[in-house]
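Participant: Mind having a look at this structure? Questions to follow.
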Amino acid sequence: MKKIVIATKNKGKIAEFKQFFSKNNVEVVSLLDLEDAPDIEETGKTFEENAALKAEEISRRFNIAVLSDDSGLIIDALDGRPGIFSARYAGEPTDDKANIRKVLGELSEVPEAERTARFICVLAIAVPDKETVFYQGYCKGTIGHTEIGENGFGYDPIFIPDGYTQTMAELPPEEKNKISHRKNAISQLEKGLYSK
Numbered sequence: 048m049k050k051i052v053i054a055t056k057n058k059g060k061i062a063e064f065k066q067f068f069s070k071n072n073v074e075v076v077s078l079l080d081l082e083d084a085p086d087i088e089e090t091g092k093t094f095e096e097n098a099a100l101k102a103e104e105i106s107r108r109f110n111i112a113v114l115s116d117d118s119g120l121i122i123d124a125l126d127g128r129p130g131i132f133s134a135r136y137a138g139e140p141t142d143d144k145a146n147i148r149k150v151l152g153e154l155s156e157v158p159e160a161e162r163t164a165r166f167i168c169v170l171a172i173a174v175p176d177k178e179t180v181f182y183q184g185y186c187k188g189t190i191g192h193t194e195i196g197e198n199g200f201g202y203d204p205i206f207i208p209d210g211y212t213q214t215m216a217e218l219p220p221e222e223k224n225k226i227s228h229r230k231n232a233i234s235q236l237e238k239g240l241y242s243k
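Under our numbering, the first residue of the sequence shown carries the number 48, and numbering increases by one thereafter.
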């Protein structure tokens, strides 16, 4: 595989995927690089369905192999929320700061021991005339009480990975990319692609 289309316009995700794939000399192209790339509405009820919707539609339209991801934050004390609604948890238009404020508000009375959470990333690879393949990865941790850190995006400033005392947003990108849910999903993808 020399080139892969990533079905996203999220610059944070694009940068992470480029960093991951660069070591395998795979060129990453995103929806920002494709003319007339559609915005795919995420109408699925699961991370897998949403990832497949994006990958399959772009693959059909451009007749190319496409990788799409759907990822989010699952908080145990909130019965799995924000889940598939992570990006738009506080409503439209999407706003990371508003999402974080909503989560922290909902967790304000939740004690330390019950603030467990995990990021999930589901990757879908759609190839014309082939069945879509899925890979997934997790990063477990806890939710802090305040936003700390300037790196990363989304919920990174309040997510403290297991084994760390800093939030994901305090970690250098290289460190985050060793432990992130996206890295773990890509590791599964690499095993699937390069073990054949």
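Cβ atoms here follow ideal geometry from the backbone N, Cα and C, with glycine treated the same way.
Return the Cβ separation of Phe94 and Val169 in integer angstroms, given the expectation that the two are a contact with Cβ distance under 8 Å.
Facilitator: The Cβ separation is near 4 Å, so the contact holds.
Participant: Kindly identify the DSSP beta-bridge partner or partners of Asp142.
Facilitator: In DSSP, Asp142 forms no bridge with anything.
Participant: Report the CB separation of Ile122 from Ile190 in whole angstroms; it is logged as a contact under 8 Å.
Facilitator: At roughly 6 Å, the Cβ-Cβ gap stays under 8 Å, so Ile122 and Ile190 are in contact.
Participant: Measuring alpha carbon to alpha carbon, tell me which residue in Gln183, Cys186, Phe206, Phe200 is nearest His192.
Facilitator: His192 has its Cα closest to that of Phe206, out of Gln183, Cys186, Phe206, Phe200.
Participant: Under 8 Å, with one C-beta from each stretch per pair, do the segment 193-205 and the segment 216-226 reach the 3-pair mark?
Facilitator: The segment 193-205 vs the segment 216-226: in contact.
Participant: Thinking C-beta only, is Gly138 closer than 8 Å to Gly130?
Facilitator: In this structure, Gly138 does not lie closer than 8 Å to Gly130 by Cβ.
Participant: May I ask you to verify whether the segment 73-80 touches the segment 48-57, counting CB pairs closer than 8 Å and requiring at least 3?
Facilitator: In short, these stretches touch, since the Cβ pair count reaches three.
Participant: Is the beta carbon of Gln235 less than 8 Å from the beta carbon of Tyr185?
Facilitator: Taking 8 Å as the Cβ cut-off, Gln235 and Tyr185 do not qualify as a contacting pair.
Participant: What does the alpha-carbon distance come out to for the pair Leu125 and Val174?
Facilitator: Roughly 36 Å separates the two Cα atoms.
Participant: Quick one: Cα of Ile61 to Cα of Lys144, how far?
Facilitator: Between Ile61 and Lys144, the C-alpha separation is close to 20 Å.
Participant: Roughly how many whole angstroms lie between the Cα atoms of Val150 and Gly239?
Facilitator: Cα to Cα, Val150 sits roughly 35 Å from Gly239.
Participant: Excluding five sequence neighbours on each side, which residues of the same chain lie with their C-beta closer than 6 Å to the C-beta of Lys230?
Facilitator: Contacts found: Asn224.
Participant: In whole angstroms, what is the alpha-carbon distance linking Gly221 and Asn198?
Facilitator: It is worth fixing the name first, because residue 221 is Glu in this sequence and not Gly. Near 11 Å, if we compare the C-alpha coordinates of Asn198 and Glu221.
Participant: Jot down the residue ranges of each uninterrupted alpha helix (DSSP H) in the segment 56-126, minimum 4 residues, whole runs only, in chain order.
Facilitator: Within the segment 56-126, the complete alpha helix (DSSP H) runs of at least 4 residues are 58-69, 94-109.
Participant: Suppose you measure from the CA of Asp209 to the CA of Gly188; what does that come to, to the nearest Å?
Facilitator: Cα to Cα, Asp209 sits roughly 5 Å from Gly188.
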